[in-house]
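Single-structure report; data block below.
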Amino acid sequence: MNHIKLVIIASRNLKRNSRRTLITVLVSSAGFAALAIVGGYMDFTFFGLQEMTICRGFSSSGGTGHIQIVRKEALTKEEQYPMEFGIADNDILQETINNSNKDVKATVPRIEFTGLISNGERATSFLGMGVKPEKEIKLMNYWDDVYKNSKKNVFQEEMYKRLAMSPQNGVLLGESMAKALGATVGSTLMLMGTTVDGAVNAVDVTVAGIINNSMKTVDRYYLVTKIETAQSLMQTDKVSKILLVLDNTCKTDGVLPAVASKINRPGNNAGYSVIPWYQLAEYYHSVKDAYRIIFGFTGIIVVLIVFLSAANTMLMSTMERVREIGTLKAMGISNRWISMMFLYEGLFIGVMSIVVGLLFKEIFTLIINNANFEMPPPPGMSSTYFLKIYPAFHFLPWISLLLIFSTTCSGFLTLFKIRKLSIVNSLTHV
Amino acid sequence: MIEKVVAKLAGVSKYYGTGEGRITALDRVDFEVNKGDFVVLAGLSGSGKSTMLHLLGCIDKQDEGESYIDGIDTTRMSLEQLAPVRLEKIGFVFQSFNLVPVLTAFENVELPLLFKGIDKNTIKSRVNDILHELGLQERMHHFPREMSGGQQQRVAIARALVTNPILILADEPTANLDSKTGADIVNLLIELNQKKNITVVLASHDSVVLDRIKHIVNIRDGKINSHS
Ligand SMILES: Nc1ncnc2c1ncn2[C@@H]1O[C@H](COP(=O)(O)OP(=O)(O)O)[C@@H](O)[C@H]1O
Ligand SMILES: [Mg+2]
Chain A
3 MNHIKLVIIA SRNLKRNSRR TLITVLVSSA GFAALAIVGG YMDFTFFGLQ
53 EMTICRGFSS SGGTGHIQIV RKEALTKEEQ YPMEFGIADN DILQETINNS
103 NKDVKATVPR IEFTGLISNG ERATSFLGMG VKPEKEIKLM NYWDDVYKNS
153 KKNVFQEEMY KRLAMSPQNG VLLGESMAKA LGATVGSTLM LMGTTVDGAV
203 NAVDVTVAGI INNSMKTVDR YYLVTKIETA QSLMQTDKVS KILLVLDNTC
253 KTDGVLPAVA SKINRPGNNA GYSVIPWYQL AEYYHSVKDA YRIIFGFTGI
303 IVVLIVFLSA ANTMLMSTME RVREIGTLKA MGISNRWISM MFLYEGLFIG
353 VMSIVVGLLF KEIFTLIINN ANFEMPPPPG MSSTYFLKIY PAFHFLPWIS
403 LLLIFSTTCS GFLTLFKIRK LSIVNSLTHV
Chain B
127 MIEKVVAKLA GVSKYYGTGE GRITALDRVD FEVNKGDFVV LAGLSGSGKS
177 TMLHLLGCID KQDEGESYID GIDTTRMSLE QLAPVRLEKI GFVFQSFNLV
227 PVLTAFENVE LPLLFKGIDK NTIKSRVNDI LHELGLQERM HHFPREMSGG
277 QQQRVAIARA LVTNPILILA DEPTANLDSK TGADIVNLLI ELNQKKNITV
327 VLASHDSVVL DRIKHIVNIR DGKINSHS
């Protein structure tokens with residue numbers, strides 16, 4: 003009952019000081035729009051980071067795919083000999099998965115192996131990856147949304163194409179490794195490693211391409227061969243892992259259990275672990291955490307600005323209405339009821355700011371998304387991209403709550419001022 | 127008939143400032159208001175009239191002495207604690223009307239009732255009645271800025287009366303009005319006092335008031351100088 007009248011008083015006072023109300027609402031709604039747009043940018047960044055992690059990976063180690071399949075032992079035990087916990091019969095396994103699930107667009111086998119590479123005079127160790135180049139290219143091309151209109155990083159793709167076309171034993175080397183070995187494209191080198199039986203084996207390879215990895219430590223040991231080269235070096239037909247590429251990242255959690263149950267049927271003693279991409283994406287998570295902290299700080303600053311601006315308005319409002327406040331106090335209306343009036347003013351400002359802020363947000367998003375701002379390459383990448391703001395609807399309730407909370411709090415702040423006002427002095431205040 | 131004491135000050139002093147510059151606004155004042163009284167506090171500007179009304183109305187605290195309202199000892203109660211006492215028992219009329227500018231006449235009068243937890247219909251009829259009684263039926267939905275000074279002061283009187291307080295305190299209610307309108311306001315208060323036995327204490331040094339009232343308390347330098 004009382005509240006209705008207080009709401010009326012609040013709204014009429016806001017109307018009476020429409021200029022000041024407008025300014026406060028503009029500041030608060032700009033804050034709202036800023037937070038919403040930052041949220042939309044954050045979503046865009048995280049999405050890009052996620053898709054990059056999946057289809058290309060960072061530091062040229064290759065994308066994670068959406069799901070990876072490995073033998074369970076590979077996660078818990080140390081191998082006694084190369085490929086002890088590799089996946090045998092991987093062709094059948096890939097076929098099973100491909101045939102059983104429509105959401106799986108491709109399966110990508112990989113081998114991880116180590117050994118020495120020599121130019122006949124000097125040898126150096128490598129961390130190698132055996133791949134099916136055409137499948138890796140498929141993985142790289144799986145996603146083409148945010149980076150669609152950008153200058154695409156076609157270099158890596160080109161290298162994989164060369165690897166695919168090279169005679170039997172092509173290799174891609176890291177630039178610093180190539181330098182150490184004095185190798186150029188076309189040089190012949192020798193890979194040395196251990197077979198599954200523990201014997202030493204060697205394979206001649208030809209340099210098909212040289213890749214510059216942004217991380218120096220990676221670059222020094224970087225080596226990619228076709229899967230067959232790695233297999234013949236180790237005298238095996240196993241692979242280390244199989245990556246699954248889905249047609250959409252959001253299907254990952256749905257496909258996961260289906261695949262797991264398909265390949266881990268009772269009686270099938272192999273025992274596979276089925277790992278979603280986000281459990282493999284350390285870099286993704288660390289960047290995400292760092293961004294969250296930055297965005298969090300931005301949020302705190304914006305909220306603070308909104309709060310201070312609203313608090314300033316409220317205090318000005320109390321200063322202008324000292325006599326009115328004094329009169330209400332003299333009439334026997336408690337300080338808390340009186341400050342409630344200002345609380346409602348804050349609430350109204352908050353609500354209006356949300357409405358106006360939403361409008362601002364949509365307008366700015368539209369402008370930014372159509373302006374094709376070219377952004378510098380994100381960390382770990384070499385290609386530029388176009389800035390996009392995502393809708394970020396899931397942030398809006400939180401931003402709204404924060405805004406309402408801070409403007410309403412600023413109204414509540416008046417209680418301290420009102421308490422201190424002497425009734426007698428404020429009655430004659432002009 | 128035993129006269130009932132509505133408000134009482136006993137040995138009350140009020141000071142402003144400290145040390146050398148200390149002003150004694152009220153000096154050991156004893157004062158009683160009885161039910162149905164119409165008392166005028168007269169005296170020069172600065173003599174202590176307002177201070178006395180403030181203490182009677184529980185909107186300021188004395189430095190010495192005791193104060194009572196309707197039998198309640200208010201001496202040791204804080205101003206915030208006294209808020210419900212004011213709401214319940216006292217009606218104020220001020221020199222510059224002090225209406226809430228964003229509320230209409232009706233809403234201004236209604237305001238104190240809303241905080242007393244009275245039901246909607248009762249409020250509506252009471253406010254209606256009182257505004258009619260004070261000849262404000264035409265102005266009910268006007269805002270203060272749309273009304274003359276006299277009309278605003280009538281609304282203020284209506285607001286003071288609507289809670290049926292035991293005491294109406296009016297501080298220079300005619301000072302901001304021309305003499306004709308001032309006389310109307312005083313006549314209205316006199317009429318309310320006579321017809322409804324409403325207790326009024328009025329501070330004024332306006333001849334418009336002094337000519338009409340018999341019970342005058344003269345104040346000088348914070349002391350009660352004479353009764354009449
Ligand atoms: N807030 C105040 N601060 C300092 N002195 C005051 C204050 N209010 C009143 N006084 C002083 O107290 C004395 C009595 O004032 P007041 O009660 O307002 O007189 P009146 O209403 O008769 O004009 C005066 O000397 C006045 O200057
Ligand atoms: Mg005075």
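Protein chains in written order, with the working numbering: chain A, 3 to 432; chain B, 127 to 354. Each residue gets a CB set at the ideal place from its N, CA and C atoms; glycine is no exception. These numbers were taken from a predicted model, which means no experiment stands behind them.
Cβ shell of residue i (< 6 Å), same chain only, five flanking positions each side left out
i, result
"Gly41 (chain A)", "Ala394 and Phe397"
"Arg280 (chain B)", "Leu260 and Leu262"
"Leu235 (chain A)", "Leu193, Gly195, Asn203 and Val205"
"Leu361 (chain A)", "none"
"Asp347 (chain B)", "none"
"Thr23 (chain A)", "Leu16"
"Trp279 (chain A)", "Ile56, Thr66 and His68"
"Asn151 (chain A)", "Annotation note: pLDDT 46 at Asn151 (chain A) (below 50); position unreliable, coordinate value reported separately. Result list for Asn151 (chain A): Phe388, in chain order."
"Gly132 (chain A)", "Ile113, Thr227, Ile229 and Ala232"
Selected residue, minimal CA-CA separation from residue i, among the options
i, options, result
"Ser336 (chain A)", "A:Phe388, A:Arg421 and A:Ala283", "A:Arg421"
"Arg21 (chain A)", "A:Tyr223, A:Thr208, A:Gln237 and A:Met318", "A:Met318"
"Pro378 (chain A)", "A:Thr47, A:Asn4 and A:Ile39", "A:Thr47"
"Pro135 (chain A)", "A:Lys163, A:Phe157 and A:Met343", "A:Lys163"
"Lys419 (chain A)", "A:Met44, A:Met321, A:Gly176 and A:Glu347", "A:Met321"
"Thr126 (chain A)", "A:Ile139, A:Gly211, A:Lys181 and A:Val106", "A:Lys181"
"Gly169 (chain B)", "B:Glu206, B:Arg148 and B:Ala329", "B:Ala329"
"Asn302 (chain B)", "B:Leu295, B:Ile311 and B:Val211", "B:Ile311"
"Ile99 (chain A)", "A:Gln233, A:Thr197, A:Arg14 and A:Asn266", "A:Asn266"
"Pro270 (chain B)", "B:Gly137, B:Gly243, B:Ser222 and B:Gln207", "B:Ser222"
"Val327 (chain B)", "B:Thr289, B:Glu192, B:Asp156 and B:Asp297", "B:Asp297"
"Gln96 (chain A)", "A:Lys7, A:Phe407, A:Tyr274 and A:Ala201", "A:Tyr274"
"Leu245 (chain A)", "A:Val187, A:Val156, A:Asn314 and A:Ile277", "A:Ile277"
Cβ shell of residue i (< 7 Å), same chain only, five flanking positions each side left out
i, result
"Ile425 (chain A)", "Gly328, Lys331 and Ala332"
"Ser445 (chain A)", "The structure shown does not extend to residue 445 (chain A), since chain A spans only 3 to 432, so no value can be given for it."
"His431 (chain A)", "Val324, Arg325 and Gly328"
"Gly301 (chain A)", "Leu37"
"Ala12 (chain A)", "Met343, Tyr346, Glu347 and Phe350"
"Ile39 (chain A)", "Lys363, Phe366, Thr367 and Ile391"
"Met161 (chain A)", "Leu174, Gly211 and Ile213"
"Lys242 (chain B)", "Leu213 and Thr289"
"Ser168 (chain A)", "Thr208 and Ala210"
"Ala260 (chain A)", "Asn103"
Three-state class that DSSP yields for residue i in the structure shown
i, result
"Arg222 (chain A)", "coil"
"Thr196 (chain A)", "strand"
"Ile25 (chain A)", "helix"
"Arg265 (chain B)", "coil"
Pair within 8 Å by beta-carbon distance, residue i and residue j
i, j, result
"Thr55 (chain A)", "Tyr293 (chain A)", "no"
"Val27 (chain A)", "Ile370 (chain A)", "no"
"Ser412 (chain A)", "Ala312 (chain A)", "yes"
"Ala286 (chain B)", "Asn224 (chain B)", "no"
"Phe69 (chain A)", "Thr254 (chain A)", "The displayed chain sequence assigns Ile, not Phe, to residue 69 (chain A). Yes, they are a contact pair."
"Lys140 (chain A)", "Ala166 (chain A)", "no"
"Asn215 (chain A)", "Gly184 (chain A)", "no"
"Lys79 (chain A)", "Val110 (chain A)", "no"
"Ser31 (chain A)", "Val358 (chain A)", "yes"
"Ile149 (chain B)", "Cys184 (chain B)", "no"
"Leu118 (chain A)", "Val173 (chain A)", "no"
"Phe34 (chain A)", "Leu405 (chain A)", "yes"
"Glu190 (chain B)", "Asp199 (chain B)", "no"
"Val241 (chain A)", "Ile89 (chain A)", "yes"
"Tyr144 (chain A)", "Val304 (chain A)", "no"
Bridge partner(s) assigned by DSSP for residue i
i, result
"Ser127 (chain A)", "A:Leu118"
"Lys140 (chain B)", "B:Leu152"
"Ile69 (chain A)", "A:Leu246 and A:Pro278"
"Pro111 (chain A)", "A:Ile244"
"Asn160 (chain B)", "B:Val131"
"Gly211 (chain A)", "A:Leu174"
"Leu191 (chain A)", "A:Val207"
"Ile195 (chain B)", "B:Ala133 and B:Ile198"
"Leu295 (chain B)", "B:Phe218 and B:Val327"
"Asn344 (chain B)", "B:Ala168 and B:Ser352"
"Ile89 (chain A)", "A:Val241"
8 Å Cβ shell around residue i - same chain, five flanking residues per side excluded
i, result
"Val334 (chain B)", "Thr300, Ser305, Gly308, Ala309 and Val312"
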